[in-house]
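In the order they appear, the protein sequences are chains A and B. Start counting the first sequence at 76; every next residue gets the next number (the numbering used here). Start counting the second sequence at 2; every next residue gets the next number (the numbering used here). In what follows, a single structure is set out as structure tokens and then discussed.
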Amino acid sequence: MFKSWWWKILSFILLIYTCTYGFLVKIPVLDGRMQQTVRNLFFHVPMWFCMQTLFIVSVIYAIRFLANPKPVYDIYSLEFARTGLVFGILGLITGAIWANYQWGKPWSGDPKQNGAAIALLIYLAYFVLRGSVTDESKRGRLSAVYNIFAFAMLFPTIWILPRLTESLHPGGQGSEGNPALNPNDTSPEMERVFLPAIIGWILLGVWIATLRIRLQNYKEKILSRV
Amino acid sequence: MNHTSEEPTDFMNSNGKIFVVVAVVVIILIGLFIYLINLDRKIKKLEKGETDKS
């Protein structure tokens, strides 16, 4: 799975498609409000889909580690969380850039912005926690438990609370649409780029995580020889 | 001034020069993938024990 090329090539094809057709696909010509920035649907939004997927994989391996404390499970859990955090930070930054020109300022205290920031801070604390525990046998267990807590916190911060209150993002009370997009702002042709974009970016995130895991595994192997 | 207001006829200048943006993004993407492919192959070589580089 790690070594096979087909899904990495698929990622490349999907992302080339996204990054070309994403700029050329017909968008609804609206009142000059969003204009071309609605194309961020293919770039900013998939960052979050990618982060969530990677965090799901991370927590699955955290749970598996608690059930059966094999060190590889801990490595998988760590590196998927690490890569997920990178995509989350990219999502936050690209969102702030987009918000600056769409909503007037980079940070509006919008529920989803705040929720995402809190979720990422909780995951940042996961790495601080790992660094502070020197006893290797304790570190894996403690990290796995915290990982489950951090993942559980994604529910209120990202998936639930932003839908329950008024929000600048789509999906909030008083906003049209679901948390991913507002159908009034998108054209049917855009949906054809949106799904390949999500899959492409997720596959890219998984590829980066697996590279880190393979490197960690190799380092462990070398160290255990000494 | 000698400029005329004729429509641009070549490809990259058409459509509000969006194709320039497409070219930029595609170059960035290809560059990223070349980097990842090389990293992947380097790690594969390490795993097979063929090189001493870390």
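We treat Cβ as the ideally placed atom computed from N, Cα and C, and that holds for glycine.
Can you tell which of the options has the C-alpha that lies nearest to the C-alpha of residue i?
i              : options                        : result
M228 (chain A) : A:I193, A:L243, A:R216         : A:I193
A255 (chain A) : A:P245, A:M126, A:S262, A:T261 : A:P245
T285 (chain A) : B:G50, B:K49, B:L40            : B:L40
P271 (chain A) : A:W182, A:K78, A:Y92           : A:Y92
K46 (chain A)  : A:P144, A:L99, A:F77           : The question about residue 46 (chain A) has no answer, for chain A in this structure spans 76 to 301.
E48 (chain B)  : A:Y293, A:R108, A:R300, A:Y221 : A:Y293
L196 (chain A) : A:L167, A:S207, A:I172, A:Y96  : A:L167
D185 (chain A) : A:R216, A:P237, A:P103, A:A142 : A:P237
Which residues does DSSP list as the beta-bridge partners of residue i?
i              : result
E241 (chain A) : A:Q248
Just the chain A side, please: which residues come within less than 7 Å of residue i by C-beta, in chain order?
i             : result
F34 (chain B) : F87
Using a C-beta to C-beta distance shorter than 9 Å, which residues of chain A count as neighbours of residue i?
i             : result
I21 (chain B) : Looking at the sequence shown, residue 21 (chain B) is not Ile but Val. Within chain A, no residue comes near V21 (chain B); the closest Cβ sits about 10 Å away, beyond 9 Å.
Listing by chain order, which chain B residues have their CB less than 7 Å from the CB of residue i?
i              : result
W282 (chain A) : L37
L90 (chain A)  : L30
Name, please, each residue of chain B whose Cβ falls closer than 9 Å to the Cβ of residue i.
i              : result
C26 (chain A)  : Residue coverage of chain A in this structure runs from 76 to 301, which leaves residue 26 (chain A) outside it and unanswerable.
F98 (chain A)  : I19, F20, V22, V23, V26
R289 (chain A) : D41, I44, K45, L47, E48
K78 (chain A)  : D41, K45, E48
For residue i, go through chain B and note every residue whose CB falls closer than 8 Å to its CB, in chain order.
i              : result
L165 (chain A) : The premise fails here: L165 (chain A) is roughly 13 Å from chain B at the closest Cβ pair, so nothing lies under 8 Å.
N286 (chain A) : Sequence inspection shows Leu at residue 286 (chain A); the Asn mentioned does not correspond to that position. Chain B residues near L286 (chain A): L37, L40, D41, I44.
Y293 (chain A) : I44, L47, E48
Open item on the list: Output needed in chain order: residues of the stretch 36-47 of chain B with a Cβ under 9 Å from some Cβ in chain A.
Closed with: L37, I38, L40, D41, I44, K45, L47
TODO: Would you mind listing the beta strand (DSSP E) stretches within the stretch 107-188 of chain A that are 3+ residues and don't spill past its ends, in chain order?
DONE: With a minimum length of 3 residues, no continuous beta strand (DSSP E) run stays inside the stretch 107-188 of chain A.
TODO: Could you name the residues of the stretch 98-127 of chain A whose beta carbon sits closer than 8 Å to any beta carbon of chain B, in the order they occur along the chain?
DONE: Within the stretch 98-127 of chain A, the qualifying residues are F98, L99.
Open item on the list: Which residues of the stretch 201-226 of chain A have a Cβ closer than 8 Å to any Cβ of chain B? Give them in chain order.
Closed with: none
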